[in-house]
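J.:
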Amino acid sequence: MPLFWGDIALRRVDATAAQVAGLLVATMDGVKHRQGGGEALRQGMALHIRLLGAALLRM
Numbered sequence: 016m017p018l019f020w021g022d023i024a025l026r027r028v029d030a031t032a033a034q035v036a037g038l039l040v041a042t043m044d045g046v047k048h049r050q051g052g053g054e055a056l057r058q059g060m061a062l063h064i065r066l067l068g069a070a071l072l073r074m
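In this text, residue positions in the sequence shown follow the working numbering: the first is 16, and each later residue adds one.
1) When DSSP labels each residue in this structure, what does residue 70 get in the three-state scheme?
2) Indicate the three-state DSSP secondary structure (helix, strand or coil) for residue 44 in the structure shown.
3) Is it the case that the Cβ atoms of residue 56 and residue 47 are separated by a distance below 8 Å?
4) Please say whether residue 63 and residue 42 have beta carbons closer to each other than 8 Å?
5) Determine the DSSP secondary structure at residue 33, reduced to helix, strand or coil.
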């Protein structure tokens, strides 16, 4: 049964710790690039961490 968070359905996936770490680094770089800095960056990172936490709970 998927966990729904807004419009995102999170399903259990088979991933190694290295794959998760690589995805984390890549997405955080993307957030920094898109948001720039300041409050927008803080909010983007906070959302990213909440999504990551929800996804990791399903692993």
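All residues carry an ideal CB built from backbone N, CA and C; glycine is no exception.
Here the structure is a predicted model, which means the values were calculated and not measured.
T.: Short version:
1) By one-based count along the sequence shown, residue 70 stands at place 55. In the structure shown, residue 70 sits in a helix (DSSP, three-state: H, G or I).
2) The residue given as residue 44 occupies position 29 in the sequence shown. Of the three classes helix, strand and coil, the one that applies to residue 44 here is helix, per DSSP.
3) Working through the sequence shown from its first residue, we reach residue 56 at position 41. Working through the sequence shown from its first residue, we reach residue 47 at position 32. Contact annotation: residue 56 and residue 47 have beta-carbon atoms nearer than 8 Å.
4) In the sequence shown, counting from the first residue as 1, residue 42 sits at position 27. In the sequence shown, counting from the first residue as 1, residue 63 sits at position 48. Closer than 8 Å, so yes.
5) Mapped onto the sequence shown, residue 33 falls at position 18. In the three-state reduction of the DSSP assignment, residue 33 falls in the helix class.
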